[in-house]
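J.:
In my numbering, the protein residues as written are 484 to 905.
1. Mind checking which residues open and close the beta strand (DSSP E) that includes residue 683?
2. By DSSP, does residue 592 sit in helix, in strand, or in coil?
3. DSSP beta-bridge partners for residue 718?
4. Do the segment 728 to 738 and the segment 669 to 688 make contact, defined as three or more Cβ pairs closer than 8 angstroms?
5. Determine the DSSP secondary structure at residue 554, reduced to helix, strand or coil.
6. Along the chain, where does the beta strand (DSSP E) that runs through residue 648 open and close?
7. Taking only three categories from DSSP, how would you classify residue 584?
8. Who pairs with residue 779 in a beta bridge, going by DSSP?
9. Kindly indicate which residue of 717, 492 and 503 has the alpha-carbon position closest to the one of residue 697.
10. Between the C-alpha atoms of residue 593 and residue 611, what's the straight-line distance to the nearest angstrom?
11. Assuming residue 735 contacts residue 767 under a Cβ cut-off of 8 angstroms, what Cβ separation, rounded to an integer in Å, is found between them?
12. Measure the alpha-carbon distance for residue 806 versus residue 509 and round it to whole angstroms.
13. Note the first and the last residue of the continuous beta strand (DSSP E) segment covering residue 755.
14. Would residue 625 count as contacting chain B if we go by Cβ distances under 8 angstroms?
15. Jot down the residue ranges of each uninterrupted beta strand (DSSP E) in the segment 631 to 675, minimum 3 residues, whole runs only, in chain order.
16. Pair every Cβ in the segment 518 to 532 with every Cβ in the segment 491 to 499, then say whether three or more of these pairs are closer than 8 angstroms.
17. Kindly list the residues whose CB is nearer than 6 angstroms to the CB of residue 733, restricted to its own chain and excluding five residues on each side of it in sequence; keep chain order.
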C-alpha cells in the first residue's frame with residue numbers, strides 16, 4: 484500500500500512522517516497488519532540488522548513512593564501487593580546485575596522509586612554504578628531515579644552512568660489526568676538535563692491507559708523532538724489497587740501497530756519492547772522483534788516477566804541474534820554524536836540537534852558501528868511472587884558470551900532477603 488511504501492522510504496532517510504501518516508498506521512486493519520510489520524521491519528533492519536539488545540532491571544528501592552501516578556503499583560496510596568524495601572547496598576545491586584549480564588544483557592537499568600533523588604542518593608547510586616562496572620567490563624548502566632535537580636545528571640555521568648531514563652508516558656494534553664503531583668514539563672526538563680550532561684537520553688511511553696490515537700502520536704512525536712536515543716514502549720498491565728485497575732483495552736494487534744508507529748517516527752533509535760509485552764502481545768511477541776531492536780530480559784520492577792531462557796529461545800527461534808557487548812547499538816551517525824556529547828552539548832541538545840537525523844548517509848545494517856512512580860514508568864505488570872535468591876556472582880564471561888545456566892534466575896526482590904511487603 485502507498486502509505487507503507489512512503490513510510491519505509493522516509494524511515495530509510497530518517498525523515499519524519501506526517502502526523503496523518505502516523506495516525507494512519509494506528510488505523511490500519513487486521514488484514515493489513517502483517518504488511519505493517521513487514522514495512523516497519525525494513526526500517527528496523529536498515530539501522531539495526533537482526534540484532535536484539537538485552538537490558539536488565541535492578542530495582543534499587545521499591546515502593547513507598549510519594550507520587551500519585553495512576554498506573555503505578557508503587558504510587559501513593561497503592562494497595563498493590565508488591566515488595567517494599569529501601570536502598571540496596573552497592574554489592575547487593577552488583578550481584579543482582581550479574582545474573583542479567585550472565586544472560587546476555589549489555590545494559591543494566593538501575594531504578595529507584597520516588598519523586599527524585601537527593602544528592603546523597605545520587606552519591607549512593609554512583610557507588611553502585613562503580614561496583615557494577617568494576618565487576619562487568621563493557622557493561623552499560625542506565626539510571627532511572629525520577630526528577631533530577633541541577634547538577635545531579637553531571638554527578639551520575641562522572642560516576643560512570645551511560646544513560647538516564649525518564650519516560651514522558653503520555654501526551655502533554657492528557658498528562659494531568661494520569662498524575663497530579665508533578666507535570667509533563669517536569670519530565671521534559673529531566674530528559675533535557677540528562678542530555679545536557681552528556682548522558683544518553685532514554686524516554687518512552689505507556690500505552691493502554693485510555694489514551695486516544697492522537698495522544699499516542701503526540702507523545703512519540705515529542706520523543707522524536709527530544710531526540711531520545713532509547714524509546715521504551717510499555718503496555719499497561721492494570722494493577723489491582725491502582726486507579727487504572729480496570730483499563731484492559733489493548734489487543735496484540737494494537738500493540739504491534741503502536742510499535743510500528745514508534746519505529747516509523749523514530750527509525751534510527753533503540754525502540755525497546757518493555758513492560759507488559761508478555762501479557763498483551765502473548766504469542767505475537769516474536770513478530771514484535773521485527774519492529775523493535777531491544778527488550779528487557781526476565782523480570783520488571785514489581786512484576787514477573789518471561790523467564791530469561793524463554794527470552795533467548797524466542798530471539799533465536801525468530802531468526803534474530805543477541806547483540807554482543809562489543810557492538811555499538813546505535814547507527815554511526817547517532818553514536819558518533821553521542822560519544823562527543825560532553826563537548827558538543829549532547830545529541831538532541833539545542834547545539835547538536837541538527838546532527839541527529841541530518842542528511843548523513845545510513846550505516847550498513849548490523850555493521851556494529853535506549854516503571855514506576857516518577858521514575859521510569861515501566862512498572863506495569865500483574866504477577867507477584869515471593870523473593871527468590873539470586874545465584875552467586877558468576878565468573879567473568881567473555882564479552883557477549885551467554886551463560887545459559889544462569890538466565891533462568893528470577894530477580895524478584897533483587898536478591899534481598901526482605902519478606903514481601905516488609
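By construction, the Cβ of each residue, glycine as well, lies at the ideal position given by its N, Cα and C atoms. Source: prediction; values computed, not measured.
T.: Let me spell this out:
1. Counting along the chain, the beta strand (DSSP E) containing residue 683 begins and ends at 683 to 685.
2. When secondary structure is reduced to three states using DSSP, residue 592 falls in the strand class.
3. According to DSSP, residue pairing for residue 718 in a beta bridge involves 690.
4. No, the segment 728 to 738 is not in contact with the segment 669 to 688.
5. Residue state, collapsed to three classes: coil.
6. Judged by DSSP secondary structure, residue 648 falls within the beta strand (DSSP E) whose first and last residues are 646 to 648.
7. For residue 584, the secondary structure class from DSSP, reduced to helix, strand or coil, is helix.
8. Looking at the DSSP assignment, residue 779 forms a beta bridge with 538.
9. Closest in alpha carbon position to residue 697, among 717, 492 and 503, is 503.
10. Residue 593 and residue 611 have their C-alpha atoms some 9 angstroms from each other.
11. The beta carbons of residue 735 and residue 767 sit about 4 angstroms from each other, so the pair counts as a contact at 8 angstroms.
12. If you draw a straight line from the Cα of residue 806 to the Cα of residue 509, it is about 29 angstroms long.
13. Residues 753 to 756.
14. Absent from the structure is chain B; it holds one protein chain and no more.
15. Counting only runs of at least 3 residues, the segment 631 to 675 fully encloses the following beta strand (DSSP E) elements, listed from N- to C-terminal order: 646 to 648.
16. The segment 518 to 532 is in contact with the segment 491 to 499.
17. In chain order, 691, 718 and 763 place their CB closer than 6 angstroms to the CB of residue 733, counting only its own chain and leaving out the 5 sequence neighbours on each side.
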